Amino acid sequence: MWKNTEVARRLGLAAPIIQGPFGGGISSVDLVAAVCESGGLGSFGVHHLDANGIRDVASRIRARTSGPFALNLWIPLDDADELRIDDAAFARNTALLQPYFTELGLPMPQRPQRFAPPYAEQIEAVLQARPAVFSFVFGIPSQSVLKRCRELGIVTLGAATTVDEAIALEQAGVDMIVATGFEAGGHRVSFLRGAEESLSGTFSLIPQVADAVRIPVIAAGGIADARGIAAALALGAQGVQIGTAFLACEESNAEATHRKMLFSPDARYTGLTRVFSGRLARGIRNRLMNELQPHAAQIPQYPVQNWFTGIMKKAAGAQERSDLMSLWCGQSAPLLTHRDARSLMAALVEETSVIIRRMGGDSS
353 MWKNTEVARR LGLAAPIIQG PFGGGISSVD LVAAVCESGG LGSFGVHHLD
403 ANGIRDVASR IRARTSGPFA LNLWIPLDDA DELRIDDAAF ARNTALLQPY
453 FTELGLPMPQ RPQRFAPPYA EQIEAVLQAR PAVFSFVFGI PSQSVLKRCR
503 ELGIVTLGAA TTVDEAIALE QAGVDMIVAT GFEAGGHRVS FLRGAEESLS
553 GTFSLIPQVA DAVRIPVIAA GGIADARGIA AALALGAQGV QIGTAFLACE
603 ESNAEATHRK MLFSPDARYT GLTRVFSGRL ARGIRNRLMN ELQPHAAQIP
653 QYPVQNWFTG IMKKAAGAQE RSDLMSLWCG QSAPLLTHRD ARSLMAALVE
703 ETSVIIRRMG GDSS
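Residue numbering for the sequence shown follows this note's numbering, beginning at 353 and increasing consecutively.
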């Protein structure tokens with residue numbers, strides 16, 4: 353009964369499939385609604401939004417679906433919530449990126465008062481929005497936040513890249529764990545040790561986490577089709593979170609150029625780098641990654657670098673310049689075949705049932 357796991361029952365899903373949340377404005381209400389209406393859990397990454405933006409997104413999702421959905425936040429890591437850089441450091445990074453801004457026809461941006469919205473205001477807005485699920489990465493919310501989630505009936509999902517992180521999440525009282533292997537696209541969400549020291553593959557990580565904790569484990573990283581779902585369940589997961597396959601769907605808010613690249617031969621070649629955002633993340637190798645990599649040591653940390661490249665990405669997407677934008681992509685992108693979320697969900701459910709039936713399991 354692969355569709356009737358504890359994850360599916362607790363979250364009220366027809367199948368234990370979670371759409372990975374995308375940050376930086378590439379989540380969309382259309383995608384969340386499509387996944388929810390297809391029986392999965394749609395997720396919206398809100399770490400780039402202020403409080404009003406978060407409340408607006410939750411309202412628009414509810415107008416499109418009555419199904420449960422998740423809002424996802426980044427927990428402040430190190431001093432990211434109050435990051436300050438001096439004028440000299442800002443000027444150095446401006447000089448490094450100026451040729452690309454010029455090439456895109458963009459003026460150099462003025463230094464903002466903040467590089468990202470305040471976390472305290474974001475978390476309060478999420479709690480006020482009261483989604484069915486609050487998912488988070490890069491750490492663990494405070495005990496007061498977790499207590500309020502329990503009081504409000506909000507299920508909490510925390511991301512782990514190591515067994516130690518999974519144990520820490522369980523001990524804190526988090527409801528479920530998204531164990532994410534290093535095959536995943538986008539950011540490596542490690543928080544107990546450096547991201548470069550926390551690069552376990554999905555096949556190694558999932559069974560270890562499943563053995564180490566008692567709460568449900570959701571597998572993520574390198575899962576793009578039914579074979580990945582069946583394998584994750586066999587390894588001890590009770591659900592899966594899928595990112596790149598949903599990012600490639602027309603309902604996502606990724607630039608058309610980005611979605612096109614996910615189906616291209618270039619998607620076979622991804623790399624882990626800090627040059628796009630200031631944190632380690634996996635994307636398709638391109639000119640910008642290659643040219644900035646020698647300067648990685650002087651790249652400012654998140655969210656400063658993310659603020660700079662976010663401006664560039666919007667312009668590059670409009671100009672179909674895939675060479676000058678971050679192209680988040682997992683290692684299983686070559687397996688992608690679907691371009692809309694509903695057909696993807698239908699195929700995942702039907703084909704997983706077929707595979708489990710062939711393996712001698714109950715496909716109901």
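All C-beta atoms, glycine included, are put in the ideal place defined by N, C-alpha and C. Values in this document were obtained by computation on a predicted structure and should not be read as measured data.
Within the same chain, and ignoring the five residues on either side of residue 600 in sequence, the residues whose Cβ sits closer than 6 Å to its Cβ are 611, 614 and 688. CA-CA distance, residue 358 to residue 447, rounds to 52 Å. If one requires a minimum length of 4 residues, the alpha helix (DSSP H) runs lying completely within the segment 588-670 are 596-599, 608-614, 639-644 and 656-670, in chain order.
It is roughly 33 Å from the alpha-carbon of residue 501 to the alpha-carbon of residue 602. Rounded to whole angstroms, residue 468 and residue 434 show a C-alpha spacing of 9 Å.
Contact between residue 555 and residue 490 does not hold, since the beta-carbon distance rounds to 24 Å and is not under 8 Å.
Linking residue 401 to residue 564 through their CA atoms gives a straight-line distance of about 35 Å. Assignment of residue 529 by DSSP, reduced to helix, strand and coil, places it in the strand class. Residue 459 and residue 659 have their C-alpha atoms spaced approximately 14 Å apart. Restricting attention to beta strand (DSSP E) runs no shorter than 3 residues, the segment 378-425 encloses them at 394-397, ordered along the chain. By the C-beta criterion, the segment 672-687 is judged to be in contact with the segment 569-578, since at least 3 inter-stretch pairs fall below 8 Å.
The continuous stretches of alpha helix (DSSP H) do not include residue 465, and DSSP gives it neither H nor E.
One thing to note: residue 582 has its Cβ within 8 Å of the Cβ of residue 707. Here DSSP, grouped into helix, strand and coil, assigns residue 487 to strand. In the DSSP secondary-structure assignment, residue 508 is bridged to 486.
Counting along the chain, residue 565 sits inside no beta strand (DSSP E), nor does DSSP assign it H or E at all. The Cβ atoms of residue 656 and residue 641 lie no closer than 8 Å to each other. In the same chain as residue 381, and ignoring 5 residues on each side of it, the C-beta atoms closer than 8 Å to its own belong to 396, 409, 412, 413 and 416, in chain order.
DSSP lists 529 as the beta-bridge partner residues of residue 569. Its Cα nearest to that of residue 392, the residue 591 stands out among 676, 710 and 591.
DSSP places residue 495 within a helical segment (H, G or I) once states are collapsed to three. Boundaries of the alpha helix (DSSP H) around residue 480: 471-481.
Taking each of 701, 668 and 664 in turn and checking the Cα distance to residue 449, the smallest one comes out for 664. For residue 441, same chain residues with a beta-carbon under 7 Å away, outside a window of 5 residues either side, are 652 in chain order. For residue 371, the enclosing beta strand (DSSP E) stretches over residues 369-371. For the pair residue 509 and residue 494, the CB atoms are not nearer than the 8 Å cut-off. Each residue's CA atom was taken as its position, placing residue 398 and residue 677 some 20 Å apart. DSSP places residue 580 inside the alpha helix (DSSP H), whose first and last residues are 578-586.
Excluding its 5 nearest sequence neighbours in each direction, residue 519 has C-beta neighbours in its own chain below 7 Å: 564 and 565, listed in chain order. The C-beta distance from residue 570 to residue 372 rounds to 10 Å, too long to fall under 8 Å, and the pair is not in contact. Beta-bridge partners assigned by DSSP to residue 680: 635. Taking residue 480 as reference, the option from 461, 471 and 504 with the minimal CA-CA separation is 504.
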